[in-house]
Each structure stands twice: as structure tokens, then as C-alpha cells.
Amino acid sequence: MARGYGSGSFYGVFDGHGGAEAAMYSASRLFQCLGYGSGSFYGVFDGHGGAEAAMYSASRLFQCLAECTHYPTRPDLALVQAFKQTDAQYVEKAKAENLQSGTTAVVALLLQDLKQLYVAWLGDTQAIISRNEGKVSQLVSPPHRPNIDSERERIERMGGFLSQFRVQGILAVSRAIGAKDFKPYVCADPDVICLDLDGSEDFLLLATDKLLVSLIN
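full-length UniProt numbering puts the first residue of the sequence shown at 1, with every later residue one more than the last.
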């Protein structure tokens, strides 16, 4: 097999024994496990109803990303797949152990070689990028809250309801990992954005809603 990426190439020969399955699997996955080379992954997870979902997501989401069939060729699709897989795995664990927690999340995948920044998020944990020595600030991740028309319509279409702008009258976010008692109304489908970096960036802030409120005030 041969794979190309940027100015480099990757070649391999896989010689199976006892069947071809291991060789075929290795040929299809090894290059993906190398990733993009010069890259970084960051995340903030804000739990509710306990810390279990946040801790689980912090330890598992990147691994799910690295194992995705779309990574590293399509980071946007890989991030969506990783969020949904992490959610499915945690919900299964939560049902088995009677855990009630959920978590919002925002993650950033920095691909330095490509000068690209991917941001994926659920709920009201957000990302802000500062440019030009603080002269320009951009909210990268608009929050997922039940009072947003598109979120309310989705929840009601699936049979849920809102009371006091809360899902089922309780939960103040409309997307999260975990929160098993609010499925399927509270989904784990992240929004993903890709930013092309031009060198004017000062920093990226990943923050919970409470931190952002305190900074603004």
C-alpha cells in the first residue's frame, strides 16, 4: 500500500499468517494512526449531574477520534464520529452503572502543517479566538440551548418539550454527551467549524459558560 500526504509519502508491506484479516486491517489503519504529524488536541468538558461523563469524555474522545475511519483525511467528519461514539459508549456505561451525568464539550484540533484549526462543540461550552493583538474577538462556537428556535423545533419534533427554556423542564442545554435520561432530545451531534490560520491569531480560549460570564462581567 502507498499513501501520500503533503510533501511526504508512506509505504508498507503487510505479510499475514493464519488469514489475511490482520494484514488488511493494519494496511488500512496504520497510516491513520500516524495522524497529521504536527498537530495538537485540546478540550474542555463541563459536567452536570456528576463528574463521570466529563471525566470519561476527557479520557476517551481523542482516542475515538484517532480510531475513526475518517481520520486524518476528513477531520470534520472524524470529529462528529468521535463525539457520537463517545456518547454511545458512555450512555451504555451509564445505563449499566445507573449514572445520571452528562457533559457539554468543546474541543480544538490544531493542524499546524495545514495551518488549520478545527473546533467542535456541544452545549454551552464555547471557544473564542482573539486576533490582531486583541482588536478582534470572534465567538467560534455559538451555544446549543433549548431557547434557540432550531433546537426547540428539533426537541419537539422528537417528542420532547420545553419548560422555562429547559429540556423536559430540567436541563438547560440541548446537546451533550451522556445525560441518558434526556435522550434522544439531548443529542450528541456536534457542530464543527474549520478556521484557516493566517498568523494574526493571538490565542484561542476554550471555556465553560460560567467562566465566560465571569469574564464578561
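Ideal placement from N, C-alpha and C gives every residue a C-beta, glycine not left out.
Only a predicted model underlies this, so the values are computations on that prediction, with no experimental measurement involved.
Given Tyr118 as reference, the closest of Pro72, Gln63 and Tyr185 once Cα atoms are compared: As a position in the sequence shown, residue 118 is number 118, starting the count at 1. Comparing Cα-Cα distances from Tyr118 to each of Pro72, Gln63 and Tyr185, the minimum goes to Pro72.
Option in Val167, Val192 and Asp191 with minimal Cα separation from Asp181: Translated into positions along the sequence shown, residue 181 becomes position 181. The shortest C-alpha separation from Asp181 is found at Val167.
Whether Arg152 touches Pro143 by CB criterion (8 Å): Position 152 of the sequence shown holds residue 152. Position 143 of the sequence shown holds residue 143. Not in contact: Arg152 and Pro143 (Cβ atoms no closer than 8 Å).
Buried or exposed by the 16-neighbour rule on C-beta atoms within 10 Å, applied to Gly169: Residue numbering aside, residue 169 sits at position 169 when the sequence shown is read from its first letter. Gly169 is exposed by the Cβ-count criterion.
Val107 versus Phe41 - alpha carbon distance: Position 107 of the sequence shown, counted from the start, is the residue given in the question as residue 107. Position 41 of the sequence shown, counted from the start, is the residue given in the question as residue 41. Linking Val107 to Phe41 through their CA atoms gives a straight-line distance of about 7 Å.
Coarse secondary structure for Phe45, derived from DSSP in three states: The count along the sequence shown starts at 1 and reaches residue 45 at position 45. It is a strand residue.
Simplified DSSP state of Thr208, which is helix, strand or coil: Counting from one through the sequence shown, the residue named residue 208 turns up at place 208. Coil, per DSSP.
Strand pairing of Ser137, partner residues [DSSP]: Indexing the sequence shown from 1 puts residue 137 at position 137. Ser130, per the DSSP bridge assignment.
Near the ligand SAH: Gln81 beta-carbon under 7 Å from a heavy atom: The model depicted lacks the ligand SAH and carries no ligand whatsoever.
Residue nearest to Glu156 in terms of C-alpha spacing, selected from Ile177, Cys187 and Ile128: On the sequence shown, position 156 is the one that residue 156 refers to. The shortest C-alpha separation from Glu156 is found at Cys187.
Cα-Cα separation between Tyr185 and Gly160, rounded to whole angstroms: Taking the first residue of the sequence shown as position 1, residue 185 is located at position 185. Taking the first residue of the sequence shown as position 1, residue 160 is located at position 160. Their Cα atoms are separated by approximately 6 Å.
Cut-off 7 Å between Cβ atoms - residues of its own chain near Ala82, not counting five sequence neighbours on either side: Numbered from 1 along the sequence shown, position 82 holds the residue referred to as residue 82. Contacts found: Leu61, Cys64, Leu65 and Cys68.
Three CB pairs or more closer than 8 Å across the region 46-56 and the region 88-108: yes
Within 8 Å, strictly: CB atoms of Gly134 and Ala105: Working through the sequence shown from its first residue, we reach residue 134 at position 134. Working through the sequence shown from its first residue, we reach residue 105 at position 105. No, the Cβ-Cβ distance between Gly134 and Ala105 is not below 8 Å.
Span of the beta strand (DSSP E) around Asp191: Along the sequence shown, one-based indexing puts residue 191 at 191. Asp191 to Asp196 is the span of the beta strand (DSSP E), which, as asked, contains Asp191.
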